[in-house]
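Engineer: In case it helps, this note's numbering puts the sequence shown at residues 18 to 266. Beta carbons are placed, not taken as given, at the ideal position from N, Cα and C, and that holds for glycine. Remember, it's a predicted structure, so these values are computed and weren't measured experimentally.
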Amino acid sequence: MVRSPTTIVPSLRPGAQSQAEGPSYSERDRRGRGSWKGRCSMRTGTGRTRVLLVPLVAALLLGLYASIRTVPGRAQPAATVLIAHIGEFGPVLTGTNGMTLYVFDRDEPGVSNCVDRCAEIWPPLTLEAGAPIPPVDLPGSLTVIERPDGRWQVAYNGRPLYFYINDGQPGDTTGEGVGGVWHVARVEEAPQPQPAATATATPAATPPPPSPAPPTPRLTPGVTPISTPTPAPMPNPMPPSYSPYGMGP
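1. Once DSSP output is grouped into helix, strand and coil, what is the label at A324?
2. Let me check understanding here. Comparing Cα to Cα, which of G167, P94, W169 and L142 lies closest to P152?
3. Would you list the residues sitting across from P108 in a DSSP beta bridge?
4. Between T117, G147 and Y179, which has its C-alpha nearest V132's C-alpha?
5. Quick one, which of T223, L77 and R203 has its alpha-carbon nearest G104's?
6. Just list the alpha helix (DSSP H) runs in the region 117 to 189, keeping only unbroken ones of 4 residues or longer that don't cross its boundaries, in chain order.
7. With DSSP as the reference, please indicate the residues paired to V267 in a beta bridge.
8. Examine the Cβ distances between the region 112 to 123 and the region 144 to 159 and report whether three or more of them are shorter than 8 angstroms.
9. Buried or exposed: R134, going by 16 or more other Cβ atoms within 10 Å of its Cβ?
10. Is the beta carbon of V161 less than 8 angstroms from the beta carbon of A148?
11. Count the other CB atoms, across all protein chains shown, that sit within 10 Å of the CB of L72; report buried if there are 16 or more and exposed otherwise.
Listed below in structure tokens is the structure:
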């Protein structure tokens, strides 16, 4: 006797469903609640993150602005010479090392005549390249001239500047008056502008008043004015030696 195949159906516990049917309502409910909570927590976290980022970004921007405000400007280039007030000399020129600078009476404007041994005792203030930079309140001009040896020497108002080898420290002026031709490089006062001359008109000479006319004689009615006769000229007397014949008496 042939038996027909029997299909075995597994028994399920109450409330259980097969995996093919999907999760039960309770599981879907739990998962849904969990998903809802997760979505809520994620949304809440995103909003909280945004709230925290706003002050952070503001703080960063404020710090960046403050850093930009506090960045120092470009440093000004250092002056080639300085101004120092030394005793009786008043304001004088010095190098950046504070040593006194001098001028030479035998120099010509724009020309240095201190060379060789002289330049060893009186070292010139030179520049490698470029133009000298004057201090802020220096009157006059600071330029460079070409020395006979090809170096560029700084000049103040056309006069070359030198150091003195015997000066030992800033403020020394032992080179003043050496040989009667070396002097401290004093700061020259800027010439004061002359006031413009005011043109003053010179008044024209007033002509003198005319002389008064002589008074006119007043005539009395019925009276004829008497005119004074002018005497006739008298003939010249004949000289005593006169002779009609050309002979004397």
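Structural biologist: This is what the structure gives:
1. Any property of residue 324 remains undetermined from this structure, which presents the chain solely from 18 to 266.
2. Nearest C-alpha to P152: P94.
3. P108 has H102 as its beta-bridge partners, per DSSP.
4. Comparing Cα positions, the closest option is Y179.
5. Taking only the C-alpha atoms, the option nearest G104 is R203.
6. Given a length threshold of 4 residues, each whole run of the alpha helix (DSSP H) inside the region 117 to 189 is given here in chain order: 134 to 138.
7. An answer regarding residue 267 cannot be provided, because it is not within the stretch 18 to 266 covered by the chain.
8. At 8 angstroms Cβ cutoff, the stretches do not touch.
9. R134 is exposed by the Cβ-count criterion.
10. The answer is yes: Cβ separation under 8 angstroms.
11. Here residue 72 turns out to be Pro, not Leu, going by the sequence shown. Counting Cβ neighbours within 10 Å, P72 comes out exposed, since fewer than 16 surround it.
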